[in-house]
Amino acid sequence: MESIQPTPTFCEPLDDDGLAEPTFLDRLFDQGLLVRTGVDGLYGRSGAFESVVEALDRLIGRLGAADNAEVLRFPPGMSRPAFERSGYLKGFPNLAGTVHSFCGHEGEHAKLLACVEAGEDWTAGQKATDIVLTPAACYPLYPVAAARGPLPAEGRLFDLQSYCFRREPSLEPTRMQLFRMREYVRMGSPDQVLAFRESWLERGTQMIRDLELPLAIDAANDPFFGRAGRMLANNQRAQGLKFELNVPVNSVEKPTACLSFNYHQDHFGTTWDLVQADGDVAHTACVGFGLERITLALLRHHGLDLAAWPEGVRRVLWG
Ligand code: AMP
Ligand code: ZN
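Sequential numbering of the sequence shown, starting at 284, is according to our numbering.
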């Protein structure tokens, strides 16, 4: 970790009278940067907050521009059959969000309204639709890429951005249930995708340095579910398949992953029958940027008043 200089308010110290200072989340609400909805991890965002998200999105686009990635944007929902085939439920059943809908007739409608009226559970009659919420921006991409046939010899590179859903309610403002992820996704040979990941480890680090934030790159693992999951997580770490760029936001001890660099080996290639030009199964890698998390890191370190941010940071974001 380089040059962490916690601001005086960093750890929510106690007041003279022993009362806790407002948390970072409280201060974001008080300033109107985030807007309460009554659900932890589900927030509205102010124009000022969005101006940072948009500037980051453009900055990430500029950093990758020379690579000519193909831009694709999917809505924040994906096909349920594709989601089932992706294997997400094996690793993260607890994080998944499904879209259910009313499919009944008038009798069931009357029952539903009566339940709402009585304050009882009205959702029992809701049926799963063919849409689930997108868990990571790259999940809808693999079947689409595979349907195009074998990769060209140079592989493929995609530029994605999506709202993502993860069922992880929390009072940490950096852990949202609905948040935006920008991604670049590389498909090709192991050499091609590893070179891509290496280049983004460098570019991502430089980007966060340019934003004058303290950072550390660490080996990481996804939060695989259950006992079998612990083995998967250990494997992922031991094989160096996931790295995260961490910035202290909620605390210095538990810094927040703002970027992640993932090598999936042939997992998605095998799952989706995605092959290289020579017929070998394709390897894939992605770099993910948490747009709200980087925004929150900037607010934490440079203050809640954007106009007072260091000149150099403002220049990187807004020219
Ligand atoms: P992951 O697929 O878990 O590596 O996530 C990719 C990026 O999305 C992370 O590096 C974070 O910046 C961001 N992210 C992941 N989970 C959340 C969350 N619950 N709230 C906000 N951002 C998140
Ligand atoms: Zn991804």
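Ideal Cβ positions, reconstructed from N, Cα and C, are used throughout, including at glycine.
Cα-Cα, which of R368, V318 and W405 is closest to S384? Along the sequence shown, read from residue 1 onward, the residue named residue 384 stands at position 101. Ranking R368, V318 and W405 by Cα distance to S384 puts W405 first.
With DSSP as the reference, label A560 as helix, strand or coil. As a working note, residue 560 is residue 277 in the sequence shown. Note: A560 maps to coil in three-state DSSP.
Might you give, ordered along the chain, the residues of its own chain that have their beta carbon closer than 7 Å to the beta carbon of G512, omitting 5 neighbours on each side? If you number the sequence shown from 1, residue 512 lands on position 229. The answer, listed in chain order, is G374.
Do F526 and A516 have their CB atoms nearer than 8 Å? One-based indexing of the sequence shown puts residue 526 at position 243. One-based indexing of the sequence shown puts residue 516 at position 233. Result no, Cβ atoms of F526 and A516 do not sit closer than 8 Å.
Distance cut 7 Å, beta-carbon to ligand 2 heavy atom: residue list by chain order: A419, A420, C421, E466, V468, N545, C569 and G571
From this set, Y425, L454 and Y326, which residue's C-alpha is nearest T554's C-alpha? Position 271 of the sequence shown, counting from 1, holds the residue named residue 554. Of the listed residues, the one whose Cα sits closest to T554 is Y425.
So for G327, helix, strand or coil by DSSP? Numbered from 1 along the sequence shown, position 44 holds the residue referred to as residue 327. Here G327 sits in strand by DSSP.
Candidates L396, V399, A411 and Y446: closest to A420 by CA position: Position 137 of the sequence shown, counted from the first residue, corresponds to residue 420. The residue from L396, V399, A411 and Y446 with its alpha-carbon nearest to that of A420 is Y446.
Roughly how many whole angstroms lie between the Cα atoms of M361 and T417? Numbered from its first residue, the sequence shown carries residue 361 at position 78. Numbered from its first residue, the sequence shown carries residue 417 at position 134. Distance between the alpha carbons of M361 and T417: 6 Å.
By DSSP, does L440 sit in helix, in strand, or in coil? Residue 440 sits at position 157 when you count from the first residue of the sequence shown. Correct three-state label for L440: strand.
Under the three-state DSSP convention, the category F462 falls into: Reading the sequence shown from its first residue, position 179 is the one you call residue 462. It is a strand residue.
Close beta carbons around L589, own chain, < 6 Å, minus the five adjacent residues each side: Working through the sequence shown from its first residue, we reach residue 589 at position 306. Hits under 6 Å: A331.
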